[in-house]
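Undergrad:
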Amino acid sequence: MMVGNSPCASCKLLRRRCAKDCIFAPFFPSGDPQKFAIVHKIFGASNVSKMLQELPINQRADAVSSLVYEANARMRDPVYGCVGAISYLQNQVSQLQMQLAVAQAEILCMQMQQETSLINQHVLESNSNKSFLSSINPQLIMNFSTSTNLVEEPLKQESLWT
Numbered sequence: 001m002m003v004g005n006s007p008c009a010s011c012k013l014l015r016r017r018c019a020k021d022c023i024f025a026p027f028f029p030s031g032d033p034q035k036f037a038i039v040h041k042i043f044g045a046s047n048v049s050k051m052l053q054e055l056p057i058n059q060r061a062d063a064v065s066s067l068v069y070e071a072n073a074r075m076r077d078p079v080y081g082c083v084g085a086i087s088y089l090q091n092q093v094s095q096l097q098m099q100l101a102v103a104q105a106e107i108l109c110m111q112m113q114q115e116t117s118l119i120n121q122h123v124l125e126s127n128s129n130k131s132f133l134s135s136i137n138p139q140l141i142m143n144f145s146t147s148t149n150l151v152e153e154p155l156k157q158e159s160l161w162t
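Numbering follows full-length UniProt numbering, with no gaps: position 49 of the sequence shown is 49.
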């Protein structure tokens, strides 16, 4: 399906006449020859043609988009392609999750230190042990003992991707 008198990028690169029913024409316009050149170099025109013919028409545009993305990834990283980019991003997410867990642990430590200093301040203000023990809020002690689990739990989690 030629646009005007210009064949699609595929037919232009392969030096053939662009037929009305050219499977490449809707996806590889003549104005963007590099797009088809990369896909052709990585997958081959025949393979791409077979893939597109096996798909329903409404899925072909997405398939071409994926092929172009994968071909570009393969040009940048011939060994791993898209998988290399995905692994890199997953590793980055894992590192950021670990940094977040460390920051949350530091916040909890600071909160516990603040609670401890409040308790110590209360002890200094109290005249006797009996008055101190009767005035401590049991909920405060429970929060202090359970908050140590909150510090340890995020650090125990194992990543699914490493």
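Glycine residues also receive a C-beta, built at the ideal position from the N, C-alpha and C atoms. All of these numbers come straight from a predicted model, not from anything done at the bench.
Could you check which residue in Ser30, Gln114, Ser66 has the C-alpha nearest to that of Val39?
TA: Ser66
Undergrad: Can Ala45 and Leu96 be called in contact, C-beta distance under 8 Å?
TA: no
Undergrad: With 16 as the cutoff for other CB atoms within 10 Å, does Pro56 come out buried or exposed?
TA: exposed
Undergrad: So, with DSSP's three-state summary, where would you put Val93?
TA: helix
Undergrad: Rounded to whole angstroms, what's the CA-CA distance from Gln121 to Ala85? Just pull it up for me.
TA: 54 Å
Undergrad: When the Cα of Gln53 is compared with those of Thr116, Glu125, Ser87, Asp21, which residue comes out closest?
TA: Asp21
Undergrad: Would you decide whether Lys41 is buried or exposed? Buried here means 16 or more other CB atoms lie within 10 Å of its CB.
TA: exposed
Undergrad: Would you say the beta carbon of Glu70 is closer than 7 Å to some non-hydrogen atom of the ligand ATP?
TA: The model on display carries no ligand, and the ligand ATP is accordingly not part of it.
Undergrad: Taking only the alpha-carbon atoms, compute the straight-line gap between Phe43 and Met98 and give it to the nearest angstrom.
TA: 39 Å
Undergrad: Name the residue from Asn47, Met75, Ala61 whose alpha carbon lies nearest to the alpha carbon of Gln34.
TA: Met75
Undergrad: For Pro78, which residues in the same chain have their Cβ closer than 7 Å to its Cβ, ignoring the five residues on either side in sequence?
TA: none
Undergrad: Is His122 helix, strand or coil when you go by DSSP?
TA: helix
Undergrad: Using the rule of at least 16 other Cβ atoms within 10 Å of the residue's Cβ for burial, across every protein chain shown, is Val48 buried or exposed?
TA: buried
Undergrad: Reducing DSSP to helix, strand and coil, say where Gly81 ends up.
TA: coil
Undergrad: Who are the Cβ neighbours of Ala73 in its own chain at under 7 Å, not counting the five residues just before and after it?
TA: Gly81, Cys82, Ala85
Undergrad: Rounded to whole angstroms, how far is the Cβ of Ala61 from the Cβ of Phe27, which I believe are closer than 8 Å?
TA: 6 Å
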